[in-house]
Amino acid sequence: MQDLIYISIDQHGVEGALRKDVKITDDQILHVADLALIRLDDDEVRGLRSQLDKILGYMDILAVVDTTGVAPTHHPLPLVNAMRDDHGQGCQDLDDVLRNAPQHEDGYIVVPRVIGKGMRENA
Amino acid sequence: MLETARQYRRNEKSPVEETRAFLEKIRRDPFNAFITIDEAGAIRDAQAAEENLKSPEAGALTGIPVAIKDNICTRGVRTTCASKILSDFVPTYDATVVKRLKDQGAVILGKTNLDEFAMGSTTTSSLAGPTRNPLDPSRTPGGSSGGSGAAVAAGLCAGALGSDTGGSIRMPASFCGITGLKPTYGSVSRYGLVAFASSLDQIGPMAPTARDAAVLFDAIKGHDPLDSTSVPRDYGPTDLDGIDLKDLRIGVPEEFFGEGLNPEVKAAVRSGIETLEDMGARVVEIGLPHVRYGVAVYYIVATAEASSNLARYDGVRYGLRARDVRELGDMYARTRAGGFGDEVRRRIMLGTYALSAGYYDAYYRKASQVRTLIAEDFRRAFSLCDIIAGPTTPVTAFRLDEMIDDPLSLYLLDIYTIPANLAGLPAISIPCGFDSLGLPVGMQLMAPHFREDLLLGAGISFQERTACHREGP
Numbered sequence: 025m026q027d028l029i030y031i032s033i034d035q036h037g038v039e040g041a042l043r044k045d046v047k048i049t050d051d052q053i054l055h056v057a058d059l060a061l062i063r064l065d066d067d068e069v070r071g072l073r074s075q076l077d078k079i080l081g082y083m084d085i086l087a088v089v090d091t092t093g094v095a096p097t098h099h100p101l102p103l104v105n106a107m108r109d110d111h112g113q114g115c116q117d118l119d120d121v122l123r124n125a126p127q128h129e130d131g132y133i134v135v136p137r138v139i140g141k142g143m144r145e146n147a
Numbered sequence: 488m489l490e491t492a493r494q495y496r497r498n499e500k501s502p503v504e505e506t507r508a509f510l511e512k513i514r515r516d517p518f519n520a521f522i523t524i525d526e527a528g529a530i531r532d533a534q535a536a537e538e539n540l541k542s543p544e545a546g547a548l549t550g551i552p553v554a555i556k557d558n559i560c561t562r563g564v565r566t567t568c569a570s571k572i573l574s575d576f577v578p579t580y581d582a583t584v585v586k587r588l589k590d591q592g593a594v595i596l597g598k599t600n601l602d603e604f605a606m607g608s609t610t611t612s613s614l615a616g617p618t619r620n621p622l623d624p625s626r627t628p629g630g631s632s633g634g635s636g637a638a639v640a641a642g643l644c645a646g647a648l649g650s651d652t653g654g655s656i657r658m659p660a661s662f663c664g665i666t667g668l669k670p671t672y673g674s675v676s677r678y679g680l681v682a683f684a685s686s687l688d689q690i691g692p693m694a695p696t697a698r699d700a701a702v703l704f705d706a707i708k709g710h711d712p713l714d715s716t717s718v719p720r721d722y723g724p725t726d727l728d729g730i731d732l733k734d735l736r737i738g739v740p741e742e743f744f745g746e747g748l749n750p751e752v753k754a755a756v757r758s759g760i761e762t763l764e765d766m767g768a769r770v771v772e773i774g775l776p777h778v779r780y781g782v783a784v785y786y787i788v789a790t791a792e793a794s795s796n797l798a799r800y801d802g803v804r805y806g807l808r809a810r811d812v813r814e815l816g817d818m819y820a821r822t823r824a825g826g827f828g829d830e831v832r833r834r835i836m837l838g839t840y841a842l843s844a845g846y847y848d849a850y851y852r853k854a855s856q857v858r859t860l861i862a863e864d865f866r867r868a869f870s871l872c873d874i875i876a877g878p879t880t881p882v883t884a885f886r887l888d889e890m891i892d893d894p895l896s897l898y899l900l901d902i903y904t905i906p907a908n909l910a911g912l913p914a915i916s917i918p919c920g921f922d923s924l925g926l927p928v929g930m931q932l933m934a935p936h937f938r939e940d941l942l943l944g945a946g947i948s949f950q951e952r953t954a955c956h957r958e959g960p
């Protein structure tokens, strides 16, 4: 039975098979890539479109669950703010911290020009 | 681990000798379990332990060589998350769990391999290449804590820490024939754990036995002011003698034994449950009707949280920075495109999509609501039983060359482990048998919040009765 690594959705008895029609478009992939600040080439867009479409198709099984009046859970335990007394505490050594920075000068991190076009490269 | 500690005290072994022996084995490791070996640090820790052993304060971990998954920060020792984007990152502080292990005298041998950013179940997407299963090197050790699983199974360390967001401790524990505990959310500090999905991530122990796992768990658990999700409460020590299983009610959910479960895995887990019954436990049938939606909920919630957590990798303060860029926006997009591997990018994209305008309600909000229903299933179940038993994974370790290039099929391997993360429950995987090829099968036990004592106790007692955690079939 060792070749059984293919676990089909049907095997888990989940209603609602994979949808067949493509829902997500290239434009949506590019829009999401812009939001996520990840540059994609054309092949990557195509690959992600078919993979995300299949995965999102599987997510559609949630649509059949009745969640009327159900509060969302964002944390497994009820959390309250963790407060501490307002005392000064030590901080990390600046030289140590800057050692990880790709480029720095006089205690500052150096970055390329901020103003310009290109933030929405994928669009 | 406890036997080594006794040998240290009787002067039959020394931490430095023991550490050198482990380092020598790691140097010849054919399974690629480690990304970084910290020889100098380990010897230094071991020398300090030799001194400490002379004092009455020496504990069970003094001089014990352990390994740390490479998404847990270690001061001065590279912490890569198996990613190109962090390949040169050297933390300036220790994670709280590392600090606690060091404070108790443990020797840190090095950092173990994982799927990039702990996103995976095979330990193949690592920048350092795949880790192989010591029980059969043609197979995966599972993931994402596959390096820690393989290191423990191959005897390259006495125990290890892993992290578990959707099964990343329990799955490799199951595939490698060892014990792995995912603690209750909030019982172990996440300070210094590189964040993947903050409402799901927990650090936990992986060890040859439940007793060793308990020693490690006791060392790392407890409130930490540096992690605001860490829960302040009284964390007593685990009883290392195990628990009496008489009249313990074991809930067996039919949903964990349905289609998709390999029949040999099913038989081994059933026989493990029978052993628990022979020891006095009582089986109770329970239902967890919403766990079937767990994978869908998880891959929305976890990727949504990951898309936010991984926004910090932008090439500015640390990590990789793309070269020859025109300006800042260009630098962000190129750095992230070049620094993240395929699976990490896929998950960031999926999570960003699920959170984006127009899709938030249909995906993220809906998933968070179904998460509530899953947690309620468990609350109801635990009014009928003390612990829940089932398989850890639907299959045993599969061949690396059999892996198919289909993310969704791999996601479905997490079907039995994900529910505990969504509900924040503690869960353990202990070896309970073998399939016809001699590959280990893990049995998963789950308990109410903060009842690790039941899981570790049952595991210790079970392992006193059975031998499959020690031997092959």
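Residue numbers (the working numbering), protein chains in the order written: chain A, 25 to 147; chain B, 488 to 960.
Here a beta-carbon is modelled for each residue, glycine too, at the ideal position from N, C-alpha and C.
{"query": "How many angstroms separate the CA atom of D731(B) from the CA atom of G550(B)?", "result": "32 Å"}
{"query": "Quick check: the Cα distance between S896(B) and S608(B), rounded to an integer number of angstroms?", "result": "11 Å"}
{"query": "Would DSSP call Q931(B) helix, strand or coil?", "result": "strand"}
{"query": "With a threshold of 6 Å on Cβ separation, who are the neighbours of V788(B) within its own chain once the five nearest residues in sequence on each side are excluded?", "result": "A854"}
{"query": "What are the residues that DSSP puts in a beta bridge with K556(B)?", "result": "T599(B)"}
{"query": "At what residues does the alpha helix (DSSP H) containing K541(B) begin and finish?", "result": "No alpha helix (DSSP H) holds K541(B); DSSP gives it neither H nor E."}
{"query": "Since M766(B) and S948(B) are thought to touch, with beta carbons under 8 Å apart, how far apart are those beta carbons, to the nearest angstrom?", "result": "7 Å"}
{"query": "Considering A914(B), what are the terminal residues of the beta strand (DSSP E) in which it resides?", "result": "914-921"}
{"query": "Between which two residues does the alpha helix (DSSP H) harbouring P517(B) extend?", "result": "Run containing P517(B): none; DSSP gives neither H nor E here."}
{"query": "Taking only the alpha-carbon atoms, compute the straight-line gap between A954(B) and A60(A) and give it to the nearest angstrom.", "result": "49 Å"}
{"query": "Residues in its own chain within less than 8 Å of A754(B) by CB, not counting five upstream and five downstream?", "result": "G920"}
{"query": "Between R736(B) and M488(B), is the Cβ-Cβ spacing less than 9 Å?", "result": "no"}
{"query": "Pair every Cβ in the stretch 615-635 of chain B with every Cβ in the stretch 506-518 of chain B, then say whether three or more of these pairs are closer than 8 Å.", "result": "yes"}
{"query": "If you drop the 5 nearest sequence neighbours on each side, which residues of the same chain put their C-beta closer than 7 Å to that of S676(B)?", "result": "T583, V584, D711, L713, D714, S717"}
{"query": "Kindly indicate if chain B contains any beta-carbon less than 9 Å away from that of R108(A).", "result": "yes"}
{"query": "Any idea what DSSP makes of D34(A), helix, strand or coil?", "result": "Any reading at D34(A) is ruled out, since the residue's pLDDT is 42, under 50, leaving its predicted position unreliable."}
{"query": "Short of 8 Å Cβ to Cβ, which residues in the stretch 816-827 of chain B face chain A?", "result": "G816, D817, M818, Y819, A820, R821, R823, A824, F827"}
{"query": "Under DSSP, the beta strand (DSSP E) around I737(B) begins and ends at which residues?", "result": "736-740"}
{"query": "With H, G and I counted as helix, E and B as strand and the rest as coil, what does DSSP make of V594(B)?", "result": "strand"}
{"query": "Taking 9 Å as the threshold (beta carbon to beta carbon), is A868(B) in contact with chain A?", "result": "no"}
{"query": "Does the beta carbon of L129(A) come closer than 9 Å to any beta carbon on chain B?", "result": "Here the sequence assigns Glu to residue 129(A), which means Leu is not the residue at that position. False, the Cβ-Cβ gap to chain B never drops below 9 Å."}
{"query": "Rounding to the nearest angstrom, what Cα-Cα distance links E889(B) and S625(B) in this structure?", "result": "10 Å"}
{"query": "Taking G546(B) as the reference, give the member of K589(B), T567(B), S574(B) with the closest Cα.", "result": "K589(B)"}
{"query": "Using the three-state DSSP reduction, which class does L122(A) fall into: helix, strand or coil?", "result": "helix"}
{"query": "By the DSSP assignment, the alpha helix (DSSP H) with I53(A) in it spans what residues?", "result": "50-59"}
{"query": "What number of angstroms, rounded off, separates the C-alpha of R562(B) from the C-alpha of D119(A)?", "result": "14 Å"}
{"query": "Quick one: any contact between the stretch 650-659 of chain B and the stretch 668-682 of chain B, if contact means 3 or more CB pairs under 8 Å?", "result": "yes"}
{"query": "With C-beta atoms as the reference, is T599(B) less than 9 Å away from L887(B)?", "result": "no"}
{"query": "Looking at the secondary structure, which residues open and close the beta strand (DSSP E) in which K669(B) lies?", "result": "666-669"}
{"query": "Looking at the unbroken beta strand (DSSP E) that takes in M693(B), where does it start and where does it end?", "result": "689-694"}
{"query": "Give the interface partners of H936(B) over in chain A, defined as CB-CB distance under 9 Å, in chain order.", "result": "P100, L101"}
{"query": "Just curious, the beta strand (DSSP E) that D77(A) is in, first and last residue?", "result": "First-last for D77(A): 66-83, but that is the alpha helix (DSSP H), not the beta strand (DSSP E)."}
{"query": "Please list, in chain order, all residues of the same chain as F743(B) whose beta carbon is under 7 Å from its beta carbon, the five residues on each side excluded.", "result": "G877, P878, Y903"}
{"query": "Short of 6 Å in beta carbon distance, which residues of its chain neighbour D602(B), apart from the five on each side in sequence? Order them along the chain.", "result": "T610, S612, G630, S631"}
{"query": "Is there a Cβ from chain D that is less than 9 Å from the Cβ of R70(A)?", "result": "Annotation note: the requested chain D is absent from the structure, which comprises protein chains A and B."}
{"query": "I'd like the span of the beta strand (DSSP E) that includes I874(B), first residue to last.", "result": "874-878"}
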